[in-house]
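Visitor: Just dropping this structure here.
Protein chains: 4
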Amino acid sequence: MPPLARCSCSILTQPRQKPEFAIGRAAIGKLQTPMVSVPDQLQSELDSLCATARWCYARGWVPATSGNFSARSADGPDERIFITPSGLDKGMLTPAHLLEIDREGRPVTGEGKPSAETGLHTVIYRERPDANSILHVHTIWNTIFSSQHSPQGYLTIEGYELLKGLSGVTTHEHLEKIPIIENCQKYDVLAIEFEEVLRTYPHAHGVLLARHGLYTWGQSVAEARRHLEALEFLFEVEARRLMGHGIE
Amino acid sequence: MPPLARCSCSILTQPRQKPEFAIGRAAIGKLQTPMVSVPDQLQSELDSLCATARWCYARGWVPATSGNFSARSADGPDERIFITPSGLDKGMLTPAHLLEIDREGRPVTGEGKPSAETGLHTVIYRERPDANSILHVHTIWNTIFSSQHSPQGYLTIEGYELLKGLSGVTTHEHLEKIPIIENCQKYDVLAIEFEEVLRTYPHAHGVLLARHGLYTWGQSVAEARRHLEALEFLFEVEARRLMGHGIE
Amino acid sequence: MPPLARCSCSILTQPRQKPEFAIGRAAIGKLQTPMVSVPDQLQSELDSLCATARWCYARGWVPATSGNFSARSADGPDERIFITPSGLDKGMLTPAHLLEIDREGRPVTGEGKPSAETGLHTVIYRERPDANSILHVHTIWNTIFSSQHSPQGYLTIEGYELLKGLSGVTTHEHLEKIPIIENCQKYDVLAIEFEEVLRTYPHAHGVLLARHGLYTWGQSVAEARRHLEALEFLFEVEARRLMGHGIE
Amino acid sequence: MPPLARCSCSILTQPRQKPEFAIGRAAIGKLQTPMVSVPDQLQSELDSLCATARWCYARGWVPATSGNFSARSADGPDERIFITPSGLDKGMLTPAHLLEIDREGRPVTGEGKPSAETGLHTVIYRERPDANSILHVHTIWNTIFSSQHSPQGYLTIEGYELLKGLSGVTTHEHLEKIPIIENCQKYDVLAIEFEEVLRTYPHAHGVLLARHGLYTWGQSVAEARRHLEALEFLFEVEARRLMGHGIE
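Residue numbers (numbering that gives the first Met the number 0), protein chains in the order written: chain S, 0 to 247; chain C, 0 to 247; chain A, 0 to 247; chain L, 0 to 247.
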């Protein structure tokens, strides 16, 4: 393993800008407002989101209550984001567990504490206007693969047919460049780094947090899941190939 | 990984012969004709085909809507091929999703766009008259194994009892030679290369597309699935063995 | 891979003794006799045997219709063996599929062709009077592990707590020695070699056929399955450990 | 594999203190007392414990009737521990199978022989007053990983986000130090060694028995399972990483 890069949060504790998406401690207390009824199409997406979360759990991709998942209902000022609460076992996730927040990350309805990583979802939705669903998982292979490449700050994958599982990619000759951010526990700072890499890599279909996990997204839950399946397949293939060569 | 062989399509853009199986853009628009009723035996095969597709999905063998599956009902001029549409999640495939095409790849009934790889199915059915079902999957091990051997143009497997899972093979001493074709996005050209390797390797039970996936077939869905299970088992064993030696 | 040892059948085509268990070609034609009713305890064992077979299939341990499974109802001259027919997909095995044979391997009731490996079951039942169930599987790790050690003729496993899953073993310090027989397609000859190793290794809990699979047994289906689970776990641990050292 | 460390039981056969938790041979005979009714909250924990055991079995984490699981209902002199009986297939565990014992390991109700490792559960409950559930599993990766590190007496894991799955851990920069005890069949002696390492490593979330398995615990079944999922994930990542470097 490369020497563990201590997170550089300390030099960033004065955020460059006031993060709009910060969730105040007061605001994220236990919420009592019941979940309101949602339109059919959104309900279908939330069902699909929860089915995806349970499927991820069954595969061992969100162990120990890790991972988080969200979908948003509309773009613009009225947009609502439905996101998994903190600390829930994803193997039994249902739409009733989801929290409704606005685009600034403020709770609207639902009970429980939003995931500490909520701010990463809101920054992705802001920087990727087409994205309507975000999936975040911790897998054996994204952990190993992100560890192998974290000193470089990105990884590249090229030459595999499965790259065509990524939207807009029409050939295996595509070179996918996935940024890797050092892991950090200050999520407001991490959100700023997310913003930077999302702008630096406008065509990336995912972002890796080193030794932590993958964030990927799509225009729908189905597309986000397709990206997830494609990227995790490619991470496993590439990580196995590199380990077969004694490369960390 | 061997240097990525750029696909040689450019030198082949004038196909040697007008491919019979090309699917015109017009013809593959959204089809409205409802699925007609099919005889019991065919229905049973289509049920079995879809069960196989769902089973492959559950094993992670057709991630990100990859893979495609087909069965044909009769040989000769009246033959019909039932094939998965493009872009469908194979985890929920049912016979109602299948498209009916003729032996030239022209749509007969069903809704949706036939897979871009339909032309590979029709060429296999033409070159392997006994085949009545074709399965195409993307697995971790066929991806790694085809990558290890693609410069050679084929791989050989010998000495395993599981080789007897391949029709006509009666001993583990059998040497199975599987051709490997460089991956390419021009499917009409790829179909010509398929035709060539199917003629060059008349006894092969499958064809690999490098870093893409396996095509295998059988006289029935059950036989095609048996070949799939046998080949994927052997790919995993051999790929693991080679990686244990630091061989890419 | 060690150079593939050609099977030595040719020098053994005159069996040392007339194998009692040989199944005549005539006798194993398609049988029409319906399965007779069986006592409750035996029925329970047959249910358990089939559940074990389906579970093995789900884990990928009997791909491509490989593997075979049996149970016997009583020792002595009246003993009956219930065994899987040849070529059946074990993922859907039910007691109705089983063939009833006597201790010489002659069909009693049931339809279908007994597995070609029936003679290996009868020799194990003869040499291990306490065994009432035999399980035979082809797994990735028993294939790799038997290949690694076949030139030596046996493998040893020592120092693991899971060894206590084997009947009569009370400490991890136990050294389990499993004989490995070169694979061969002449089952009457193979049965003689089985007889030899079962006598040479009276305490072994299983026999490996190189690059083919494992035979294990127990006093009941449950015990046979416990042995299977323990041995396969140990094969995977040991084979991974050896491959991590670049040892074939 | 490092040279197999013979267990040092012989030098410890005079335990430093009379172990309170020893289970007399007479006391653990077949118990006839029926399971008494339990309060709702405890029943819910026992249901959860058994669901966790069945889930572990499905993942291959308790092969061959290995592993054991317990929960306790209250601290103090009236505490009761519900624990899996010896030799049961964990794939079908239900609360009715559990044995009720007191804090000294003496049977209260339930049928069957308590696991030989009961004394390890009682010592953990004594040394970790907050623990109300203990899970013990044998996995491929904890077996390989404990074997890699057993000469050192402990292993360390650092730098992974999943460490936050362990209670009280708030950053991936946490260094988790897990003690490793040499395996031994004298469970009263092993219990003393457990007591020592639990005191020496007061912050450890688990204890490994070399080439045997993991013990972990939590304030509830859910927390114990979260620890299990987190630790097993980390063992797999780290063991794969080390094997990729040819380190045993």
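Beta carbons: idealized from backbone N, C-alpha and C, even for Gly.
In angstroms with no decimal places, state the Cα-to-Cα distance between Leu48/S and Asp46/L.
Guide: Start at 1 with the first residue of the first sequence, and residue 48/S comes out as number 49. Start at 1 with the first residue of the fourth sequence, and residue 46/L comes out as number 47. Answer to the nearest angstrom: the Cα atoms are 27 angstroms apart.
Visitor: Would you say Gln40/A reaches chain E, if we count a Cβ-Cβ gap shorter than 8 angstroms as a contact?
Guide: No chain E appears in the structure shown, which is made up of the protein chains S, C, A and L.
Visitor: What are the residues in the stretch 125–155 of chain A lying within 8 angstroms of chain C by C-beta distance?
Guide: Listed by position, the residues of the stretch 125–155 of chain A near chain C (Cβ gap below 8 angstroms) are His137, Ile139, Thr142, Ile143 and Ser146.
Visitor: Could you check what DSSP says for Arg71/C in three-state terms: helix, strand or coil?
Guide: For the purposes of this step, residue 71/C is taken as the residue at position 72 of the second sequence. Here Arg71/C sits in strand by DSSP.
Visitor: Please list, in chain order, the residues of the stretch 207–230 of chain L that have any C-beta partner in chain A closer than 8 angstroms.
Guide: Result list: Leu208, Arg210, His211 and Gly212.
Visitor: Looking only at its own chain, which residues have a Cβ that is under 8 angstroms from the Cβ of Glu160/L, when we skip the five neighbours before and after it?
Guide: Residue 160/L sits at position 161 when you count from the first residue of the fourth sequence. These residues qualify, in order along the chain: His171.
Visitor: According to DSSP, is Arg239/L helix, strand or coil?
Guide: In the fourth sequence, the residue the question calls residue 239/L occupies position 240. Arg239/L: helix per DSSP, three-state reduction.
Visitor: Along chain A, which residues have their Cβ under 8 angstroms away from the Cβ of Glu235/C?
Guide: In the second sequence, counting from the first residue as 1, residue 235/C sits at position 236. Neighbours of Glu235/C on chain A, chain order: Ile139.
Visitor: Classify Pro257/A: buried if its beta carbon has 16 or more other beta carbons within 10 angstroms, exposed otherwise.
Guide: For chain A, the structure presents residues 0 to 247; residue 257/A sits outside this window and is missing.
Visitor: Any Cβ of chain C within less than 8 angstroms of the Cβ of His171/S?
Guide: In the first sequence, the residue the question calls residue 171/S occupies position 172. Judged by the 8 angstroms Cβ criterion, His171/S is in contact with chain C.
Visitor: Determine the closest residue to Tyr56/C out of Glu237/S, Arg240/S, Ala229/S and Arg239/S, with distance taken between C-alpha atoms.
Guide: Here residue 56/C refers to the residue found at position 57 of the second sequence. Of the listed residues, the one whose Cα sits closest to Tyr56/C is Ala229/S.
Visitor: Note down the Cα distance separating Leu227/S from Asp77/S, rounded to an integer number of angstroms.
Guide: The residue given as residue 227/S occupies position 228 in the first sequence. The residue given as residue 77/S occupies position 78 in the first sequence. Rounded to whole angstroms, Leu227/S to Asp77/S spans 28 angstroms at the Cα level.
Visitor: Name the DSSP bridge partner or partners of Glu99/C?
Guide: Along the second sequence, one-based indexing puts residue 99/C at 100. Glu99/C pairs with Phe81/C and Thr108/C.
Visitor: Quick one: residues in its chain with C-beta nearer than 6 angstroms to the C-beta of Arg224/C, no 5 flanking neighbours on either side, listed in chain order?
Guide: Position 225 of the second sequence, counting from 1, holds the residue named residue 224/C. Within the same chain, Arg224/C has close Cβ partners Thr51.
Visitor: How far does the beta strand (DSSP E) with Glu175/L in it extend, from its first residue to its last?
Guide: Position 176 of the fourth sequence, counted from the first residue, corresponds to residue 175/L. Residues Leu174 to Ile180.
Visitor: Taking DSSP as the reference, what is the three-state secondary structure of His135/C?
Guide: Stepping through the second sequence from its first residue, residue 135/C is reached at position 136. Residue state, collapsed to three classes: strand.
Visitor: Just to make sure I have the definition right: I need the residues of chain S whose C-beta is within less than 8 angstroms of the C-beta of Pro62/C. Which are they?
Guide: Counting from one through the second sequence, the residue named residue 62/C turns up at place 63. In chain order: Leu161, Gly164, Glu228, Ala229, Glu231 and Phe232.
Visitor: Between Gly158/S and chain C, is any beta-carbon pair separated by less than 8 angstroms?
Guide: Counted from its first residue, the first sequence places residue 158/S at position 159. By this cut-off, Gly158/S is an interface position.
Visitor: Is the beta carbon of Ala114/C less than 8 angstroms from the beta carbon of Val220/C?
Guide: As a position in the second sequence, residue 114/C is number 115, starting the count at 1. As a position in the second sequence, residue 220/C is number 221, starting the count at 1. Note that residue 114/C is Ser in the sequence shown, not Ala. No, they are not a contact pair.
Visitor: Determine, for Ser114/A, whether the minimum Cβ-Cβ distance to residues of chain C falls below 8 angstroms.
Guide: Against the third sequence, residue 114/A aligns to sequence position 115. It does not: the Cβ of Ser114/A has no partner Cβ on chain C nearer than 8 angstroms.
Visitor: Give the residues of chain L in contact with Asn182/S, contact being defined as C-beta atoms less than 7 angstroms apart.
Guide: Taking the first residue of the first sequence as 1, we reach residue 182/S at position 183. Within 7 angstroms Cβ-Cβ: Glu160 and His171.
Visitor: Between the stretch 82–94 of chain S and the stretch 60–68 of chain S, do at least 3 Cβ pairs fall closer than 8 angstroms?
Guide: Yes: at least three Cβ pairs fall under 8 angstroms.
Visitor: Does the Cβ-Cβ distance between Thr199/L and Leu174/L come in under 8 angstroms?
Guide: To locate residue 199/L, count along the fourth sequence from 1; it is residue 200. To locate residue 174/L, count along the fourth sequence from 1; it is residue 175. No. Outside cutoff.
Visitor: Ignoring anything shorter than 4 residues or poking outside the stretch 155–231 of chain C, list the alpha helix (DSSP H) runs there in chain order.
Guide: Segments of the alpha helix (DSSP H) lying fully in the stretch 155–231 of chain C: 186–199.
Visitor: Hey, Ile180/A and Gly205/A: beta-carbon distance below 8 angstroms or not?
Guide: Against the third sequence, residue 180/A aligns to sequence position 181. Against the third sequence, residue 205/A aligns to sequence position 206. Not in contact: Ile180/A and Gly205/A (Cβ atoms no closer than 8 angstroms).
Visitor: Please tell me whether Ser65/S has its Cβ less than 8 angstroms away from any Cβ of chain L.
Guide: Position 66 of the first sequence, counting from 1, holds the residue named residue 65/S. It does: the Cβ of Ser65/S has a partner Cβ on chain L nearer than 8 angstroms.
Visitor: Name the two residues that bound the continuous alpha helix (DSSP H) containing Glu116/S.
Guide: Against the first sequence, residue 116/S aligns to sequence position 117. Premise fails: Glu116/S is in no alpha helix (DSSP H) and is neither H nor E.
Visitor: On the CB-based measure, 16 or more other CB atoms within 10 Å of its CB, does Ser149/C come out buried or exposed?
Guide: Walking along the second sequence from the start, residue 149/C turns up at place 150. Classification for Ser149/C: buried.
Visitor: Are any of the Cβ atoms in chain C nearer than 8 angstroms to that of Arg53/S?
Guide: The sequence position of residue 53/S within the first sequence is 54, counting from 1. Arg53/S does not count as touching chain C.
Visitor: Do Thr117/A and Trp60/A count as a contact pair if the criterion is CB distance below 8 angstroms?
Guide: Here the question's residue 60/A lines up with position 61 in the third sequence. Here the question's residue 117/A lines up with position 118 in the third sequence. Not closer than 8 angstroms, so no.
Visitor: Going by the DSSP bridge assignment, what does Tyr124/A pair with across the sheet?
Guide: Indexing the third sequence from 1 puts residue 124/A at position 125. Partner(s): none; Tyr124/A has no beta bridge.
Visitor: Note down the Cα distance separating Phe68/L from Glu231/S, rounded to an integer number of angstroms.
Guide: By 1-based counting over the fourth sequence, the position of residue 68/L is 69. By 1-based counting over the first sequence, the position of residue 231/S is 232. If I take the Cα positions, the gap works out to 33 angstroms.
Visitor: Relative to the C-alpha of Arg210/A, which residue among Glu237/A, Ser145/A, Ile191/A and Cys183/A is closest?
Guide: Within the third sequence, residue 210/A is the residue found at index 211, counting from 1. Minimum Cα distance to Arg210/A is reached at Ser145/A.
Visitor: Can you check whether the CB of Ala238/A is closer than 8 angstroms to the CB of Gln147/A?
Guide: As a first step, residue 147/A must be located in the third sequence, where it is residue number 148. As a first step, residue 238/A must be located in the third sequence, where it is residue number 239. For Gln147/A and Ala238/A, yes; Cβs fall inside 8 angstroms.
Visitor: Spatial neighbours of Glu157/C within its chain, please: CB distance less than 6 angstroms, with the 5 preceding and 5 following residues excluded, ordered by chain position.
Guide: Taking the second sequence and counting its residues from 1, the one referred to as residue 157/C is at position 158. So the qualifying residues of the chain are Leu174.
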